[in-house]
Structure formats: C-alpha cells, structure tokens
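Be aware that the sequence shown starts at 27, since it is given in my numbering, and climbs by one per residue. Each remark here refers to the structure printed beneath this line.
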Amino acid sequence: MKIAVINETSAADRNADILAALDGYGHEIINAGMRKNGEKPELQYIHTGLLAAILINLKRVDFVVGGCGTGQGFMNAVVQYPNIVCGHILTDLDAWLFAQINDGNVISLALNQGYGWAANINLRFIFERYFSVEGGSGYPAHRRDPQAQSRQTLKAISETTHRSMTDIIQNLPEEILAPVLTYPGVRELVAVDSIEDPALKAAFQQRYARLSEQTK
C-alpha cells in the first residue's frame, strides 16, 4: 500500500511520531505534508484536506493519514471532495472497526487535543489494529454484505453530490489552491504529464501555468 502522511501546521511537530508508528509494516510512505513548524507555504487543514483529495483522486496514493488539533477540521475538509471515505480515529478500536466496516481511504487523527504522555504509543496501537484486519471484511461477520452494499451506495451518493476534480481544480480560489500546488514536493507527486484524464490534466496545466506567470 502507498500511504501519504499529510500534517498541517498545528500538528507539524507530530510528523515524526506518525512516521515512527507506521514503520515496519512494509508500506511505501510518502511524507507529503508539513514536516516541521515554520515550513512555507504554511498548510492549514483546509489545504491538507485538498492535498489528500488530489493524491487519492489521481491515484498517487492508496491511503492518507492526516489530522489536525482535534481531527475534526481535517475530516470535514477532506470529505468535501469526491471519492473520499474518512474516519475520525482516536483509539485502536476505532481503527479496527473503521477498517472492517467502512474500508475507507483516509483517516483523521487528533494530534493536539489529548496528545499527552504515551500518545505516540497510541498511534502505534492504532496502526497495529488497522493493519491487522482485512479492509471491508465486516463486523460483526454476518453484517459483511449489507455493510459492503452501504459502502457502494455511499460511493454512488458521493459521485452524484460532488463536483468532479476537474471542476474543483479549475474553480478553487487561488488562496486555497496555490499553497497546495506550490508546497515542496507536491508538483512531483501530482506529475501532471502522467495524468490520464485529459480534462483533469489540462486543468492542472492551466493552474500551474497561472502560478508560474504570477511568480515572474
């Protein structure tokens, strides 16, 4: 699995804890967000939610670990976009159930509220439980089929109620999109020339061209 870790500014100091907690599972980890305080441009949870959605929708990653002070802001930001199923994960039991029942592609962690003694160990327990079960296997076991049907229904609802990523990239205000597209390493992750959807590729090309003109 290819996993992006995307920290926002208030939780930048937790980046090392998350990376350490994810170590040892054999997944490819992409450290895509803020790695320490003071990096520029500064990413708020509004920006990291967008970045998570871009990487998921471009299929650059399979899964995103994000969060913010409480986990609520990032969760609400990222679910504004299509093809996102995000869980607000506080405990290892949350992680264990979310993996089996919801089989989502994003989790949001509380990285300041209640982040005290042994919080880094709690992160380790969260990932141990998340990766210990088959995604979408169902809990309890007899609920597997209706839970799978609900996931498909939710996916169809998301496709109906959200704009396409092409529309989003074309129309988002510059103050929201620019910090994300210009953040160190993001352009390489987006890899515009390899985007398969012609309309989405053109949308990214246009926005990057506009940003280049502004910096001249």
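We put the beta carbon where it would ideally sit given N, CA and C, even for glycine. Everything numeric in this text was worked out from a predicted model, so none of it was measured.
| query | result |
| --- | --- |
| Could you pull out every unbroken beta strand (DSSP E) segment of at least 3 residues lying fully inside the segment 60-125, listed in chain order? | 89-94, 112-115 |
| Let me know the secondary structure DSSP gives N33 once reduced to three states. | coil |
| Under DSSP, the alpha helix (DSSP H) around I127 begins and ends at which residues? | That residue, I127, is in no alpha helix (DSSP H); it is neither H nor E in DSSP. |
| What is the residue span of the beta strand (DSSP E) that E54 lies within? | 54-57 |
| Would you kindly work out how many angstroms separate the C-alpha atoms of I182 and V90, rounded to a whole number? | Looking at the sequence shown, residue 182 is not Ile but Ala. Rounded to the nearest angstrom, the two C-alpha atoms are 21 Å apart. |
| Mind the definition here: the segment 135-147 touches the segment 171-181 only if three or more C-beta pairs lie below 8 Å; say whether that holds. | no |
| Can the beta-carbon of A121 be found less than 9 Å from the beta-carbon of G113? | yes |
| Span of the alpha helix (DSSP H) holding E239? | 224-240 |
| Let me check one thing: in DSSP terms, what residues is L135 bridge-paired to? | G93, I115 |
| Between N146 and A47, is the Cβ-Cβ spacing less than 9 Å? | yes |
| Within a Cβ cutoff of 6 Å, which residues of the same chain sit near T192, ignoring the five residues on either side of it in sequence? | A225, L226, A229 |
| Could you give the residue range of the alpha helix (DSSP H) that holds T208? | Where T208 is concerned, there is no enclosing alpha helix (DSSP H), given that its DSSP letter is neither H nor E. |
| Within the same chain, show all residues whose beta-carbon is closer than 6 Å to that of G162, passing over the 5 residues directly before and after it, in chain order. | D129 |
| Quick check: the Cα distance between I82 and D88, rounded to an integer number of angstroms? | 6 Å |
| Taking Cβ positions, are G140 and L123 nearer each other than 9 Å? | no |
| Measuring only the C-alpha atoms, how far is G93 from R61? | 13 Å |
| Compute the Euclidean distance between the alpha carbons of A38 and N63, then round it to the nearest angstrom. | 6 Å |
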